[in-house]
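J.: First, the structure itself, so that you have it in front of you.
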Ligand code: ADP
Ligand code: MG
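Numbering (my numbering), first residue to last: 571 to 806.
Listed below in structure tokens is the structure:
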């Protein structure tokens, strides 16, 4: 049984379609990269997958996973980059569900936060102020935060945006490790198409509706893939 099944998905804003008749399935352990030009519906698809935008047609079905158990790493804004909190506080905001309805974070929840900081190689930053970290360090902290709400599915929106090449490589290596070593299914939107496509095992290329869905190898050798990859300056 597939982890995620999207069938004939249609999503509208004020009566105009941002996504139309989109279908694909993901298996546990997949690493999917979503590509498409600006305005092609990538963010809309992510919002629908997270339950933040209701479908106007079709269906999204998870198997063995509640929509609330998805780890989500949103695209960073400048305001978030200066967020005046400690690293531990930022990670703990991802643990609200794990913590239940207690007024304070339990020892168990703090342990979960620390374990996930260790998984993302950021444990030594726990006591630092989030706003003083480098871009790459901040992304590791946000990844740990997302991991606090999931052991199964991570959704990442432009995780390497604004990172230098070294930090980009390190973050891709981390995502790969979470996928391969910890078995976490990954869905990533990236405008860094060449790199992102090489990292991921599967590609979903959309333009409101399906352009291509399949393995990275098949995509690279397809007419759609070749055309798209040859225009890597595309702002997607
Ligand atoms: P992408 O992330 O691929 O750039 P989006 O999913 O953000 O694309 O947008 C897809 C389409 O939906 C675009 O035409 C965009 O203008 C429209 N759209 C996105 N968000 C909204 C919104 N909140 N209200 C109205 N239209 C929107
Ligand atoms: Mg977008």
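All residues carry an ideal CB built from backbone N, CA and C; glycine is no exception. All figures in this text were calculated on a predicted structure; none of them were measured in a lab.
Would you call the region 657-669 in contact with the region 713-728, where contact means no fewer than 3 C-beta pairs closer than 8 Å?
T.: yes
J.: Quick test of the definition: if touching needs 3 or more C-beta pairs under 8 Å, does the region 747-760 touch the region 692-703?
T.: no
J.: Thinking just about the alpha-carbon of each residue, which of 718, 674 and 704 is nearest to the one in residue 686?
T.: 718
J.: Leaving out five residues on either side along the sequence, give the residues of the same chain with a beta carbon under 7 Å from the beta carbon of residue 626.
T.: 580, 581 and 582
J.: If you pair each beta-carbon of the region 701-709 with each one of the region 730-739, do three or more pairs fall below 8 Å?
T.: Touching, per the Cβ criterion.
J.: Mind the definition here: the region 628-638 touches the region 651-659 only if three or more C-beta pairs lie below 8 Å; say whether that holds.
T.: no
J.: Does the structure place the region 782-792 close enough to the region 614-623 that three or more beta carbon pairs sit under 8 Å?
T.: With the cut-off at 8 Å, the region 614-623 and the region 782-792 do not touch.
J.: Could you tell me if the beta carbon of residue 590 falls within a distance shorter than 7 Å of some heavy atom in the ligand MG?
T.: no
J.: If we ignore side chains and look at the alpha-carbon of each, how far apart do residue 577 and residue 591 end up?
T.: 8 Å
J.: Between the alpha carbons of residue 754 and residue 596, how many angstroms are there, rounded?
T.: Approximately 12 Å, taken between the alpha carbons.
J.: Please work out which residues of its chain come closer than 7 Å, Cβ to Cβ, to residue 728, disregarding the five sequence neighbours upstream and downstream, and give them in chain order.
T.: Taken in chain order, the residues that qualify are 645, 759, 760 and 761.
J.: Relative to the ligand MG, is the shortest distance from any of its heavy atoms to the C-beta of residue 612 smaller than 7 Å?
T.: The answer is yes for residue 612.
J.: According to DSSP, is residue 582 helix, strand or coil?
T.: strand
J.: Going by C-alpha to C-alpha distance, which of 668, 710 and 653 sits closest to residue 701?
T.: 653
J.: Determine whether the beta carbon atoms of residue 776 and residue 628 lie at a separation below 8 Å.
T.: no
J.: Less than 8 Å between the beta carbons of residue 633 and residue 572, yes or no?
T.: Here residue 633 is near residue 572, since their CB atoms are less than 8 Å apart.
J.: If you follow the beta strand (DSSP E) that residue 798 is in, where does it begin and where does it stop?
T.: Looking at the DSSP string, residue 798 is not in any beta strand (DSSP E); the run it does join, the alpha helix (DSSP H), is 793-799.
J.: The ligand ADP heavy atoms versus the CB of residue 584: any closer than 7 Å?
T.: yes
J.: Would you say residue 602 and residue 778 are within 8 Å of each other, going by their C-beta atoms?
T.: Not in contact: residue 602 and residue 778 (Cβ atoms no closer than 8 Å).
J.: Can you tell me whether DSSP reads residue 805 as helix, strand or coil?
T.: The pLDDT assigned to residue 805 is 45, lower than 50, so where the model puts this residue is not dependable; a value taken from the coordinates is nonetheless given after this. Reduced to three states, the DSSP call for residue 805 is coil.
J.: Determine the closest residue to residue 724 out of 757, 732, 771 and 669, with distance taken between C-alpha atoms.
T.: 757
J.: Using a Cβ-based criterion (distance less than 7 Å to any ligand heavy atom), does residue 606 qualify as near the ligand ADP?
T.: Indeed, a heavy atom of the ligand ADP lies less than 7 Å from the Cβ.
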